[in-house]
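Participant:
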Amino acid sequence: MAAVDWRGLRVFCGMVCLLGWAGNGNAEVVSVPGNQKLHQHLTPLVGARDAVMVAAPDGRILSAIHPDHLLLPASTLKVLTALAALHYLGEEHCFVTDFYTRPQGDLVIRGYGDPLLVSEQVDFIARRLSGQVQQIGDLVLDDSYFSHPLAIPGRSPTMQPYDAPNGALCVNFNTVSFKRDKGRWMSAEPQTPLLPSAISKIEASGLTVGRITLAAERGEILQYAGELMVHFLTQAGVATRGKITFGRVDPQKDTLLWRHYSDKRLTDVIAELLIYSNNFIANQLLLAMGAHVFEPPADVDKGVRALRSYYETVLGLKTGFLAEGSGISRNNRISAQNMMVVLERFEPHHPLMRRQGRQYYKTGTLNGISTRAGYLDASGGGFYRFVVMLNTPGKTTDRIMSVIERECK
Numbered sequence: 009m010a011a012v013d014w015r016g017l018r019v020f021c022g023m024v025c026l027l028g029w030a031g032n033g034n035a036e037v038v039s040v041p042g043n044q045k046l047h048q049h050l051t052p053l054v055g056a057r058d059a060v061m062v063a064a065p066d067g068r069i070l071s072a073i074h075p076d077h078l079l080l081p082a083s084t085l086k087v088l089t090a091l092a093a094l095h096y097l098g099e100e101h102c103f104v105t106d107f108y109t110r111p112q113g114d115l116v117i118r119g120y121g122d123p124l125l126v127s128e129q130v131d132f133i134a135r136r137l138s139g140q141v142q143q144i145g146d147l148v149l150d151d152s153y154f155s156h157p158l159a160i161p162g163r164s165p166t167m168q169p170y171d172a173p174n175g176a177l178c179v180n181f182n183t184v185s186f187k188r189d190k191g192r193w194m195s196a197e198p199q200t201p202l203l204p205s206a207i208s209k210i211e212a213s214g215l216t217v218g219r220i221t222l223a224a225e226r227g228e229i230l231q232y233a234g235e236l237m238v239h240f241l242t243q244a245g246v247a248t249r250g251k252i253t254f255g256r257v258d259p260q261k262d263t264l265l266w267r268h269y270s271d272k273r274l275t276d277v278i279a280e281l282l283i284y285s286n287n288f289i290a291n292q293l294l295l296a297m298g299a300h301v302f303e304p305p306a307d308v309d310k311g312v313r314a315l316r317s318y319y320e321t322v323l324g325l326k327t328g329f330l331a332e333g334s335g336i337s338r339n340n341r342i343s344a345q346n347m348m349v350v351l352e353r354f355e356p357h358h359p360l361m362r363r364q365g366r367q368y369y370k371t372g373t374l375n376g377i378s379t380r381a382g383y384l385d386a387s388g389g390g391f392y393r394f395v396v397m398l399n400t401p402g403k404t405t406d407r408i409m410s411v412i413e414r415e416c417k
């Protein structure tokens with residue numbers, strides 16, 4: 009992996025104004041291109057509120073238009089979040105969920121923010137527990153590893169999956185997939201039952217098919233997780249005699265029965281994050297980083313502080329603003345040249361990204377915002393790296409990417 013030729017970029021750009029952490033660049037910076045034809049074709053497509061940067065496999069800057077402007081990254085920010093998670097947690101990291109018993113027979117579940125705790129995993133857990141317990145009293149759910157309530161900047165209280173709330177003990181991304189068949193509500197996923205707590209949400213959505221998110225209220229999130237666990241425990245032959253309650257593990261009275269390690273490594277989680285652009289996963293990782301670096305309980309401030317520390321201290325980047333980890337917040341700001349540094353560091357992990365033709369890439373979309381960042385296979389080996397950030401409403405990255413693909417062989 010060749011490092012970007014930043015000295016060359018400085019020569020190309022001349023003197024660039026220094027920007028503070030949350031500053032806003034006003035300098036008009038257009039590089040003297042390393043690829044004249046590429047640059048000439050790109051320049052008319054890039055407005056005053058846009059930025060484009062392309063680097064060759066050897067690190068030479070081929071074109072840099074407004075490389076220091078602080079712009080909204082949208083979901084391309086997820087590449088930075090993934091990179092920081094790899095740094096703090098490690099590629100082999102597996103999320104855990106703990107199961108305790110109490111003398112009176114209650115089962116206590118303590119979550120640690122596993123973003124891929126889905127029906128298949130809960131089914132496996134229930135069958136595993138059935139070999140150790142035949143019946144339980146109350147099912148007690150402990151989500152104290154994360155603070156609550158959790159307010160993710162940019163997240164709205166809608167039923168859209170991209171607004172799914174976060175928490176330490178969540179199942180199925182805090183979403184419900186459903187359909188209506190012959191007048192009856194049914195799960196749209198064969199592995200997932202349609203649970204009682206979800207019916208009223210589905211009816212309120214006005215939809216007959218689709219996926220909706222659970223509300224951000226802690227009780228609703230935990231109730232859904234508890235109902236799913238009871239369903240699979242019952243299927244596995246474990247009798248449930250009590251009710252679903254919320255509480256905390258008592259180290260003096262509760263006995264650890266089993267620690268479940270997810271069968272997904274962090275690299276698997278990141279692949280899900282980047283391919284499906286899952287906001288829930290991104291901010292679960294942000295919160296997990298916050299707890300890892302600054303001790304639990306996790307909160308958004310700790311997560312952002314950990315992300316910012318990686319950005320500034322490890323990557324050496326000083327300009328920009330980070331509000332959360334998914335890119336959903338319109339307060340996030342980053343420059344094309346800083347995103348290029350992120351791509352340099354992430355290059356060994358490029359197979360975790362979505363692939364189309366020669367491209368490995370991550371897109372981002374908000375209202376009036378279209379972004380794309382990633383890698384382009386080079387015929388001579390290695391990768392071109394590209395960052396396209398369009399903050400002009402109505403624009404898409406398609407024409408710019410067509411030029412980059414045509415001129416970078």
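Residue numbers (our numbering): 9 to 417. All C-beta atoms in this analysis are idealised placements derived from N, C-alpha and C, irrespective of residue type, glycine included. Quick caveat: nothing in here was measured; it's all calculated off a predicted structure.
1) Cα separation between residue 367 and residue 394?
2) If the criterion is Cβ atoms closer than 8 Å, does the pair residue 290 and residue 89 meet it?
3) Could you check what DSSP says for residue 32 in three-state terms: helix, strand or coil?
4) Using beta carbons (cut-off 8 Å, strictly below), is residue 222 in contact with chain B?
5) Between the alpha carbons of residue 270 and residue 47, how many angstroms are there, rounded?
6) If I'm right that residue 111 touches residue 261 with Cβ under 8 Å, what's the distance once you round it to whole angstroms?
7) Would you mind stating whether residue 419 and residue 238 have Cβ atoms separated by less than 8 Å?
8) Could you tell me which of 282, 406, 319, 397 sits nearest to residue 358, measuring between CA atoms?
9) Go through its chain and collect everything with a Cβ distance to residue 320's Cβ below 7 Å, but skip five positions before and after it.
10) Report the residue from 84, 52, 64, 117 whose alpha carbon sits nearest the alpha carbon of residue 332.
11) Return the first residue and the last residue of the alpha helix (DSSP H) that residue 56 is part of.
12) Roughly how many whole angstroms lie between the Cα atoms of residue 134 and residue 369?
13) Just verifying my parser: in three-state terms, what is the DSSP assignment at residue 306?
14) Take residue 401 as the anchor and find which of 389, 413, 383, 376 has the nearest alpha-carbon.
15) Since residue 54 and residue 392 are thought to touch, with beta carbons under 8 Å apart, how far apart are those beta carbons, to the nearest angstrom?
16) What is the rounded straight-line gap between the Cα of residue 4 and the Cα of residue 151?
17) Would residue 236 pass as a contact of residue 229 if the rule is Cβ separation under 8 Å?
18) Is the beta carbon of residue 344 sitting closer than 8 Å to the one on residue 397?
19) Taking the alpha-carbon positions, what's the residue 113 to residue 399 distance?
20) Would you decide whether residue 389 is buried or exposed? Buried here means 16 or more other CB atoms lie within 10 Å of its CB.
21) Could you name the residues of the same chain whose beta carbon sits closer than 6 Å to that of residue 87, not counting the 5 residues immediately before and after it, in chain order?
22) Using the three-state DSSP reduction, which class does residue 167 fall into: helix, strand or coil?
23) How should residue 176 be labelled, buried or exposed, when 16 other C-beta atoms within 10 angstroms of its C-beta is the threshold for buried?
24) What are the partner residues of residue 398, as DSSP defines its beta bridges?
Facilitator: The structure says:
1) Taking the first residue of the sequence shown as position 1, residue 367 is located at position 359. Taking the first residue of the sequence shown as position 1, residue 394 is located at position 386. C-alpha separation (whole angstroms): 10 Å.
2) Position 282 of the sequence shown, counting from 1, holds the residue named residue 290. Position 81 of the sequence shown, counting from 1, holds the residue named residue 89. Cβ atoms of residue 290 and residue 89: closer than 8 Å.
3) In the sequence shown, the residue the question calls residue 32 occupies position 24. Caution is warranted here: a pLDDT of 38 is assigned to residue 32, below 50, making its placement in the model unreliable, and the coordinate value is therefore given only provisionally. Note: residue 32 maps to coil in three-state DSSP.
4) Absent from the structure is chain B; it holds one protein chain and no more.
5) For this step, residue 270 is matched to residue 262 along the sequence shown. For this step, residue 47 is matched to residue 39 along the sequence shown. If I take the Cα positions, the gap works out to 47 Å.
6) The count along the sequence shown starts at 1 and reaches residue 111 at position 103. The count along the sequence shown starts at 1 and reaches residue 261 at position 253. About 7 Å separates the two Cβ atoms, so the contact holds.
7) A question about residue 419 goes unanswered here, because the residues of the chain that appear run from 9 up to 417.
8) Residue numbering aside, residue 358 sits at position 350 when the sequence shown is read from its first letter. Closest option to residue 358, Cα to Cα, is 282.
9) For the purposes of this step, residue 320 is identified with residue 312 of the sequence shown, where counting begins at 1. Closer than 7 Å at the Cβ level, and outside the excluded window around residue 320, lie 326.
10) Working through the sequence shown from its first residue, we reach residue 332 at position 324. Of the listed residues, the one whose Cα sits closest to residue 332 is 84.
11) As a working note, residue 56 is residue 48 in the sequence shown. Careful: residue 56 lies outside any alpha helix (DSSP H) and carries neither H nor E.
12) Counting from 1 along the sequence shown, the entry for residue 134 is found at position 126. Counting from 1 along the sequence shown, the entry for residue 369 is found at position 361. Cα to Cα, the separation comes out at about 38 Å.
13) The residue given as residue 306 occupies position 298 in the sequence shown. The answer is strand: DSSP assigns residue 306 an E or B state.
14) On the sequence shown, position 393 is the one that residue 401 refers to. If we check each option's Cα against that of residue 401, 376 comes out closest.
15) For the purposes of this step, residue 54 is taken as residue 46 along the sequence shown, with counting starting at 1. For the purposes of this step, residue 392 is taken as residue 384 along the sequence shown, with counting starting at 1. Not really, about 17 Å apart at Cβ, beyond 8 Å.
16) This structure cannot settle anything about residue 4, because the visible part of the chain is limited to 9 through 417.
17) Start at 1 with the first residue of the sequence shown, and residue 236 comes out as number 228. Start at 1 with the first residue of the sequence shown, and residue 229 comes out as number 221. Against a cut-off of 8 Å, the Cβ pair of residue 229 and residue 236 comes out as no contact.
18) The count along the sequence shown starts at 1 and reaches residue 344 at position 336. The count along the sequence shown starts at 1 and reaches residue 397 at position 389. The answer is yes: Cβ separation under 8 Å.
19) Translated into the one-based positions of the sequence shown, residue 113 becomes position 105. Translated into the one-based positions of the sequence shown, residue 399 becomes position 391. Cα to Cα, residue 113 sits roughly 57 Å from residue 399.
20) The sequence position of residue 389 within the sequence shown is 381, counting from 1. By the neighbour-count rule (16 or more Cβ atoms within 10 Å), residue 389 is not buried but exposed.
21) The residue labelled residue 87 in the question sits at position 79 within the sequence shown. Excluding residues within five positions, the ones whose Cβ falls inside 6 Å are 350, 354, 370.
22) For this step, residue 167 is matched to residue 159 along the sequence shown. In this structure, residue 167 counts as coil in the three-state DSSP scheme.
23) Here the question's residue 176 lines up with position 168 in the sequence shown. Burial call: buried.
24) Within the sequence shown, numbered from 1, the residue matching residue 398 stands at position 390. Beta-bridge pairing links residue 398 to 58, 378.
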